Amino acid sequence: MSNLRINLDDLLHARTVESERIEFKATWDRKVTGYQVLKTICAFANDLRRHGSGYVILGVAEKDGRADLPPRGLSPEQLDDASKWISGNCRRIVPRYVPRISHEEVDGRSILVVWVPASETPPHQAPDGDKGDRKYWVRIDQRTVDAQHSGLLTQLLNQSAVVPWDARAAEGATVDDLSETLVREHLRASGSALVEEPDARTIYRKMDIVRRINDYEVPRNVGLLFFSREPGRWFSGARIETSILRSGASGDVLEEKDFRGGLAEQVRACLAYLRREVIGSAIHKPANGVRASRRPSYPEEALREVLVNALYHRGYDEGSPHTTLVRITSDRIDIRSTPGPVAGVGRDALVREATPKLVPPRNPRVGELFKEIGLAEKRLTGLDKVYKAMERNGSPPPEFYFDEERTFFQATLHAHAWRSAAAAIREAGELRAVGRPEEALAKLETAWRAHRDSLVLAEEFVRQCVALGDLDRAEPVVGTNLHLATDIERPDVVVPWLEALIADGQRERAQRFLEGQSSRLSAREAVGAAIVARRLRDEDLAARLFNAAGPVILDDPRALLESGQNKLWLAVKAHREGHASDNLRLLEDARALLERLLGMDAAPRRHAWAWRELGRVRRWLREPASAVDEAYANAIRLAPDETKFREERG
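For the sequence shown, the positions run 868 to 1517 when my numbering is used.
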């Protein structure tokens, strides 16, 4: 039966355990390997870096800091000798320390795994060889070193005076307060073979979540945090409180929900709630139009990391009674825990790609259990993972903050712009519904200034400006739009704004804009602007804009009709000015556009007008009367209420 609470394959590949917490030994012999193992056991027991535990693996070689698999293995004789020698010689560690020894099998070969939980009675000394002096050994990176020779003895002695809070015995609790069901769920989640052990008390001891006091066992604090149904009975801050502030016309509506139970249960339940109520997603189409993808308002990977980080590094003793707070607004999530970071963690450690100092964590055993089930990252990798997840999602970078007195720590994730836009539009709609249109417009304007790359916000803001007749207020959005590179990136604001100017009698202003900005319009905007130019009776400008739109008009029935009509007007002008060749060219161009439209699927009335314009072209080109009559007959059939068609047919 395995004595390991973690999955052996994960251990060998350093998936849930940092490589500096693992020592590989390819073979076994008493004189050399034996004393190396003894010193490393002493170092892991002293736990200078507050890792919580370490592992010595015999029968597996090391290659580039990793296990060289398949393992060489140990013979039955070596396995038996190593087990007995290590057990017997651990008496030479002072104060005495007894690790957990487990016989394991990998690829049909036997190996020995020595699990070394952090000691409750450090500092320890172990002999430097068979007849060497005892020394204080510590683990630095992947090396076991003499603490005194390395200048670390004072730190070790000072640190050893205080046992980490999560490793201490829980006062007032009994082993019966642990839930066997939760413990076995954890073992299944970690892939540990220990789940097959039938006796719960044996499992608790092998997992090191209980401690013997005199002649009975009591849970450790970490055991109650993870494996009791209600840790809050002993630790008042051991729960997550979420609040969602939904702003609307009636003010902030607060939706509150608490998450209790073991820490892993809290994380999973809270994430499921946020996934359902907050994360959401929207389709993002990149500028090149090659591939669309879904963008969540918050990447779950980042959200999980900051939530677990809050539970991992917070305090749970009597001095930290406050719960972990998760506050959600329309554009951000704040996760706050108390107290702030341990001494030695500065603000420079919270920036992207920082190399933070190796300082002992507040709750090393909490971190171990989170890592074993894949909820926490290896040490010093979590924050950078958050930065990368937010960047991949196209979201603003995260923010991390703690006050000067280190009374709290807060992580802030900003929503992807689409969520902020959706929330602002929804709230503005609620304000308009209760007769507060100016407040609705102000909310949209504020949201757009915060997210100037949001198409939907720009379009909705301009639409509401037009509805209220506040066209000056919309102009900055229209101007910003002109700096965007492609049609896909640009909101549809230029043409609606120009049309509103004309409707408001500001024809000269619309004319000046078109004359000054026509070269900066995208192809799609040029089509709409050309139609606006026709409303201004500036057919020459309209022609330039239709030409600027290029092939875009060929697939747009309205653009084909408007461009064909514009060419007819220019043809009439050329005829009046005596330019026969230009007149003929423009009429032929108009015919090509109109015939293309008639071959497309379009509204009957649009086809009716195309037939009418084609009738005029045929007449001016002096085609047979039957061809002209056919065109007008089709126009009248499709739009019988248009009296002009009958009058022109004659």
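Glycine included, C-beta positions come from ideal geometry on N, C-alpha and C.
What you are looking at is a predicted structure, and each value in this text was computed from that prediction instead of being measured.
{"Asked": "Report yes if the CB atom of V980 is closer than 9 Å to the CB atom of N870, and no otherwise.", "Found": "yes"}
{"Asked": "Can we say the region 1387–1398 touches the region 1411–1430, given the rule of at least three CB pairs closer than 8 Å?", "Found": "yes"}
{"Asked": "Please confirm if the region 1257–1267 is in contact with the region 1288–1301, defined as three or more CB-CB distances below 8 Å between the two stretches.", "Found": "no"}
{"Asked": "Taking the continuous beta strand (DSSP E) assigned at D1201, which residues delimit it?", "Found": "R1199 to S1204"}
{"Asked": "Going by the beta-carbon positions, is the gap between R1106 and T1190 smaller than 9 Å?", "Found": "yes"}
{"Asked": "Does the region 961–976 touch the region 892–907, meaning 3 or more C-beta pairs lie closer than 8 Å?", "Found": "no"}
{"Asked": "Hey, could you find the ends of the alpha helix (DSSP H) E972 is sitting in?", "Found": "Careful: E972 lies outside any alpha helix (DSSP H), inside the beta strand (DSSP E) at R967 to V973."}
{"Asked": "Tell me which same chain residues have a C-beta within less than 8 Å of the C-beta of V1157, skipping the five on either side of it?", "Found": "Interpretation of V1157 is limited by its pLDDT of 36, a score under 50 that renders its predicted location unreliable; the figure taken from the coordinates is listed afterwards. Here the set comprises nothing."}
{"Asked": "Rounded to whole angstroms, what is the Cα-Cα separation between Y835 and S969?", "Found": "Because the chain spans 868 through 1517 in this model, residue 835 falls outside it and cannot be assessed."}
{"Asked": "Can you name the start and end residues of the beta strand (DSSP E) that F1276 belongs to?", "Found": "F1276 to H1281"}
{"Asked": "Quick one: is E1266 buried, meaning 16 or more other Cβ sit within 10 Å of its Cβ, or exposed?", "Found": "exposed"}
{"Asked": "Let's test the definition: count the other Cβ atoms within 10 Å of the Cβ of A1028 and tell me whether it reaches 16, buried, or not, exposed.", "Found": "exposed"}
{"Asked": "Excluding the 5 residues flanking E1144 on each side, which residues of the same chain have their C-beta closer than 7 Å to its C-beta?", "Found": "I1111"}
{"Asked": "Going along the chain, which residues of its own chain have a beta-carbon closer than 6 Å to the beta-carbon of K1434, five neighbours each way excluded?", "Found": "L1453, D1456 and A1457"}
{"Asked": "Take the Cβ of D1576 as the centre, count every other Cβ of all protein chains shown within 10 Å, and call the residue buried at 16 or more, exposed below.", "Found": "Residue 1576 falls outside the range modelled here, since the chain spans only 868 to 1517, and no answer is possible."}
{"Asked": "Starting from K867, trace the alpha helix (DSSP H) both ways and give me its first and last residue.", "Found": "Within the shown structure, residues of the chain are numbered from 868 to 1517, placing residue 867 beyond reach of any answer."}
{"Asked": "Are the region 924–933 and the region 879–893 touching by the rule of at least three beta carbon pairs closer than 8 Å?", "Found": "yes"}
{"Asked": "For A1116, which residues in the same chain have their Cβ closer than 8 Å to its Cβ, ignoring the five residues on either side in sequence?", "Found": "Because the pLDDT at A1116 is just 48, under 50, the model does not fix this residue reliably, and the point stays unresolved."}
{"Asked": "Going by C-alpha to C-alpha distance, which of L1461, F1093 and V1323 sits closest to R1479?", "Found": "L1461"}
{"Asked": "What would DSSP say about G932, mapped onto helix, strand or coil?", "Found": "coil"}
{"Asked": "Let's test the definition: count the other Cβ atoms within 10 Å of the Cβ of L1333 and tell me whether it reaches 16, buried, or not, exposed.", "Found": "Inspection of the sequence shows that residue 1333 is occupied by Val rather than by Leu. Counting Cβ neighbours within 10 Å, V1333 comes out buried, since at least 16 surround it."}
{"Asked": "Name the two residues that bound the continuous alpha helix (DSSP H) containing L1408.", "Found": "E1406 to A1416"}
{"Asked": "Taking only runs of the beta strand (DSSP E) that begin and end inside the region 1250–1321, which ones reach a length of at least 3 residues, in chain order?", "Found": "1266–1269 and 1276–1281"}
{"Asked": "Should Y1083 go down as buried or exposed, given a rule of 16 or more other Cβ atoms within 10 Å for buried?", "Found": "exposed"}
{"Asked": "Would you kindly work out how many angstroms separate the C-alpha atoms of A1447 and L1408, rounded to a whole number?", "Found": "21 Å"}
{"Asked": "Quick check on the burial criterion: 16 or more other C-beta atoms within 10 angstroms. Buried or exposed for S954?", "Found": "exposed"}
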